[in-house]
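This report refers to the structure that appears directly beneath it.
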Amino acid sequence: MDTQYSNSETGDAAITSGKNISAWLATLEEPIAYETLQENIDTDILVIGGGIAGLTTAYYLAKEGRKVVLIEDGFVGSGETGRTTAHITCALDDLYMEIEKLFDEKTAQLAANSHTAAIEWIANTVKLNNIDCDFKRVDGYLFLHPTDNKETLDDEYAATKRAGLLTEMHSTIPGIAAEEGQHCIKYPQQAQFHILKYLKGLAKAFTEHEGKIYTKTRAENISTKGATANGFEITAQHIVVATNTPINDWVTIHTKQWPYRTYVIAAKVPKNSLPFALWWDTGDNDSKWVSKPYHYVRLQPLDDDYDLLISGGEDHRTGQADTEGINEEDRYDRLITWTKKRFPMVNDIAYKWSGQVMEPVDALAYIGKNPGDENVYIITGDSGNGMTHGTLGGLIIKDIITGKENPWIEIYSPSRISIKATGSYLKEVGNMTAQYADWFKDGDVKNIHDLKPGEGGIVSHGFKKIAAYCDEENMLHTCTAVCPHLGAILQWNAEEKTFDCPMHGSRFTTEGVVMNGPAITDLKKILIVEEEKVMVNTKEKDYYI
Ligand SMILES: Cc1cc2nc3c(=O)[nH]c(=O)nc-3n(C[C@H](O)[C@H](O)[C@H](O)COP(=O)(O)OP(=O)(O)OC[C@H]3O[C@@H](n4cnc5c(N)ncnc54)[C@H](O)[C@@H]3O)c2cc1C
Ligand code: FES
Numbered sequence: 173m174d175t176q177y178s179n180s181e182t183g184d185a186a187i188t189s190g191k192n193i194s195a196w197l198a199t200l201e202e203p204i205a206y207e208t209l210q211e212n213i214d215t216d217i218l219v220i221g222g223g224i225a226g227l228t229t230a231y232y233l234a235k236e237g238r239k240v241v242l243i244e245d246g247f248v249g250s251g252e253t254g255r256t257t258a259h260i261t262c263a264l265d266d267l268y269m270e271i272e273k274l275f276d277e278k279t280a281q282l283a284a285n286s287h288t289a290a291i292e293w294i295a296n297t298v299k300l301n302n303i304d305c306d307f308k309r310v311d312g313y314l315f316l317h318p319t320d321n322k323e324t325l326d327d328e329y330a331a332t333k334r335a336g337l338l339t340e341m342h343s344t345i346p347g348i349a350a351e352e353g354q355h356c357i358k359y360p361q362q363a364q365f366h367i368l369k370y371l372k373g374l375a376k377a378f379t380e381h382e383g384k385i386y387t388k389t390r391a392e393n394i395s396t397k398g399a400t401a402n403g404f405e406i407t408a409q410h411i412v413v414a415t416n417t418p419i420n421d422w423v424t425i426h427t428k429q430w431p432y433r434t435y436v437i438a439a440k441v442p443k444n445s446l447p448f449a450l451w452w453d454t455g456d457n458d459s460k461w462v463s464k465p466y467h468y469v470r471l472q473p474l475d476d477d478y479d480l481l482i483s484g485g486e487d488h489r490t491g492q493a494d495t496e497g498i499n500e501e502d503r504y505d506r507l508i509t510w511t512k513k514r515f516p517m518v519n520d521i522a523y524k525w526s527g528q529v530m531e532p533v534d535a536l537a538y539i540g541k542n543p544g545d546e547n548v549y550i551i552t553g554d555s556g557n558g559m560t561h562g563t564l565g566g567l568i569i570k571d572i573i574t575g576k577e578n579p580w581i582e583i584y585s586p587s588r589i590s591i592k593a594t595g596s597y598l599k600e601v602g603n604m605t606a607q608y609a610d611w612f613k614d615g616d617v618k619n620i621h622d623l624k625p626g627e628g629g630i631v632s633h634g635f636k637k638i639a640a641y642c643d644e645e646n647m648l649h650t651c652t653a654v655c656p657h658l659g660a661i662l663q664w665n666a667e668e669k670t671f672d673c674p675m676h677g678s679r680f681t682t683e684g685v686v687m688n689g690p691a692i693t694d695l696k697k698i699l700i701v702e703e704e705k706v707m708v709n710t711k712e713k714d715y716y717i
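Shown next, in the form of structure tokens:
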């Protein structure tokens, strides 16, 4: 399967948000496609985004008898959901002891209870709709990263108990001989699935409840009345923006969450050489990032002879891989080394890909009414727990819209204020502000003509910054490197071949088409006419800058 990027003008759409193809996409027969919107429509509920958050919300509301339309820019699962590793767990990557510190014991209990309910909801939905998606109940094991102290495990174990989870402390870690002598916390009855097979089944179930899906249909002009898409109007009573990061809000939420890039490898391992389980370490305490990178590993059935071992980690703030002196390619090498040490049966790497996660300032996703709006809802900030957070998005928003009580509305409210997160907040805001210094730095490519086929980068031209890419036919594609959201300078992502914004995570194809918000417009094209002159190419005319 080859990657195409989204392009609103040509009608092409993305099957995934980067060049590398995930194991899920590679093992799916074809993209999950529906018809494209070709008329004005009116509906009760408009859901924007066909990832796990949008589709769960759409399905659940349709199941309740509501008239629901879901529109998706690419195909179902072509966003970060198609690039996940699909651990379905109540073990939160920000740890329960942190939630207790940031909020209180009661909030940690509600969080534990909500993620456990999300796992149950997925299990029941798979069963109810007979979704063939390799859903499996597995146990999860949390163990110490070498930079961490034993107290972290003890404290987290105590916090999970206070939160009401049925965790156990064990003195060995099943499946990982190299961690001999290490304790771990066992989280029983977690789960895993093939995410795109799940979405395919959920989409089918949604349409069986009279739901409508339009793919290759890009929402614009989102308001309290609806949105436009592909030049048509969609009017709705309720609008759910499930675009991973909101594209209806310019600032508020984007100062409460930060984009991180995370890396995955998948390797064939002989069948029965490992137990099916989820494994996580507690994260690198020496890391410079606020959200400490941790490793996450699981097994996925592949064929009669092999399973796939899927291992992730090596995260960094989006667009800032090089600030630790470790570029994107080296991060895969580090991940492979780490994985082989713990799982020596790993040999050939079958797939590798990366994706983006939104890390909230206070560990909990933002789900509910968009601040200031009565009928516009958002689901975002789901960090490395997007399978359950995305599912909770559906559970909570369904209850808000249908007027039912829900115990989790308050803790996930996008309008909440977390005073105790100030230290992390200031550090991330400092990082954000520091990105404006890129305006005064040279680009990473000295001369645009140095770019070889398949290479891209940022070129300085006086005070101007150009996002340049040389395609496989040796043609140069040039756009402004200034992010249309709030003006940060984009960075070249050599692994996924995209231009990524280090500020709030907007991402663009090699041709400048926006693939991730909060930016909502494409990059302006720049045409190089001769060595010393640069032109902006608009739809109407070309002119010098
Ligand atoms: C490498 C990686 C590993 C992960 N591992 C796990 C894990 O093991 N467990 C876990 O729980 N979570 C994990 N996560 C997190 C989880 O995958 C995500 O949080 C989750 O998939 C996000 O789902 P979503 O529906 O919010 O967003 P998305 O899947 O990104 O869906 C948003 C959709 O909106 C569409 N869209 C955007 N703009 C528009 C527009 N203008 N009009 C129409 N459509 C639009 C996009 O095309 C996209 O399909 C991982 C993430 C990554 C990247
Ligand atoms: S995403 Fe906000 S400035 Fe680029």
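In terms of our numbering, the sequence shown opens at residue 173 and continues consecutively.
The beta carbon of each residue, even a glycine, is placed where N, CA and C say it ideally should be.
Computed from a prediction, not measured in an experiment: that's the story for all the values here.
{"Check": "beta-carbon L695 near ligand 2 non-hydrogen atom, thresh 7 Å", "Outcome": "no"}
{"Check": "The beta strand (DSSP E) enclosing H488, as first and last residue numbers", "Outcome": "Y478 to R489"}
{"Check": "Cβ contact (3+ pairs, closer than 8 Å) linking the segment 514-533 and the segment 432-447", "Outcome": "yes"}
{"Check": "From P625, W422, H657 and P516, residue whose alpha carbon lies closest to that of P543", "Outcome": "W422"}
{"Check": "DSSP-derived helix/strand/coil call for D545", "Outcome": "coil"}
{"Check": "Helix, strand or coil at W664 [DSSP, three-state]", "Outcome": "strand"}
{"Check": "Alpha-carbon spacing of I271 relative to W664, whole angstroms", "Outcome": "35 Å"}
{"Check": "Same chain only: Cβ atoms within 6 Å of V241, ignoring 5 sequence neighbours per side", "Outcome": "T215, L218 and K384"}
{"Check": "Cβ shell of E236 (< 8 Å), same chain only, five flanking positions each side left out", "Outcome": "K570 and T574"}
{"Check": "Supposed contact pair T256 and I367 - C-beta distance, whole angstroms, cut 8 Å", "Outcome": "6 Å"}
{"Check": "Under 8 Å between C-beta atoms of L325 and I345", "Outcome": "no"}
{"Check": "Q528, enclosing alpha helix (DSSP H) - first and last residue", "Outcome": "First-last for Q528: I521 to P532, but that is the beta strand (DSSP E), not the alpha helix (DSSP H)."}
{"Check": "Integer-rounded CB distance, given that Y232 should sit under 8 Å from A377", "Outcome": "That belief does not hold up - the Cβ atoms of A377 and Y232 are roughly 10 Å apart, past 8 Å."}
{"Check": "Selection from R470, Y608 and D306 that minimises the alpha carbon distance to L446", "Outcome": "R470"}
{"Check": "Unbroken alpha helix (DSSP H) run spanning R503, endpoints", "Outcome": "E500 to R514"}
{"Check": "Neighbouring residues (CB closer than 7 Å to any heavy atom of ligand 2)", "Outcome": "H426, C655, H657, L658, G659, A660, C673, M675, H676, G677, S678, P690 and A691"}
{"Check": "First through last residue of the alpha helix (DSSP H) which encompasses K273", "Outcome": "Y268 to L274"}
{"Check": "Three-way DSSP call (helix, strand, coil) for M150 in this model", "Outcome": "One cannot answer for residue 150 here, as it falls past the ends of the chain, which runs 173 to 717."}
{"Check": "DSSP-derived helix/strand/coil call for Q281", "Outcome": "helix"}
{"Check": "M687 - DSSP class collapsed to helix/strand/coil", "Outcome": "strand"}
{"Check": "Collapsed DSSP secondary structure at F448 in the structure displayed", "Outcome": "coil"}
{"Check": "Boundaries of the alpha helix (DSSP H) in which L564 is found, first to last residue", "Outcome": "G558 to T574"}
{"Check": "CB contact flag (T228, T563, <8 Å)", "Outcome": "yes"}
{"Check": "Q362 beta carbon near ligand 1 (any heavy atom closer than 7 Å)", "Outcome": "no"}
{"Check": "Cβ-heavy atom distance, D245 to ligand 4, below 7 Å", "Outcome": "With respect to ligand 4, the structure shown offers nothing to examine, as its ligands consist of ligand 1 and ligand 2."}
{"Check": "Reduced DSSP secondary structure (H/G/I, E/B, other) of F378", "Outcome": "helix"}
{"Check": "Beta-carbon gap between W451 and H488 smaller than 8 Å", "Outcome": "no"}
{"Check": "Beta-carbon proximity of I220 to V248, cut-off 8 Å", "Outcome": "no"}
{"Check": "Residue closest to T650, alpha-carbon to alpha-carbon, out of I638, D643 and E546", "Outcome": "I638"}
{"Check": "Three-state secondary structure (DSSP) of S159", "Outcome": "Outside the displayed span of the chain (173 to 717) sits residue 159, for which this structure offers no information."}
{"Check": "With 16 other Cβ atoms within 10 Å as the buried cut-off, status of A186", "Outcome": "buried"}
{"Check": "Same chain, Cβ closer than 6 Å to K372, neighbours up to 5 away in sequence not counted", "Outcome": "I204"}
{"Check": "Cβ neighbours of D320 in the same chain (closer than 6 Å, five flanking residues each side left out)", "Outcome": "T454 and N457"}
{"Check": "Separation of E486 from L699, as counted between CA atoms", "Outcome": "36 Å"}
{"Check": "Beta-carbon proximity check, L314 vs C262, cutoff 8 Å", "Outcome": "no"}
{"Check": "Y538 beta carbon less than 8 Å from that of I550", "Outcome": "yes"}
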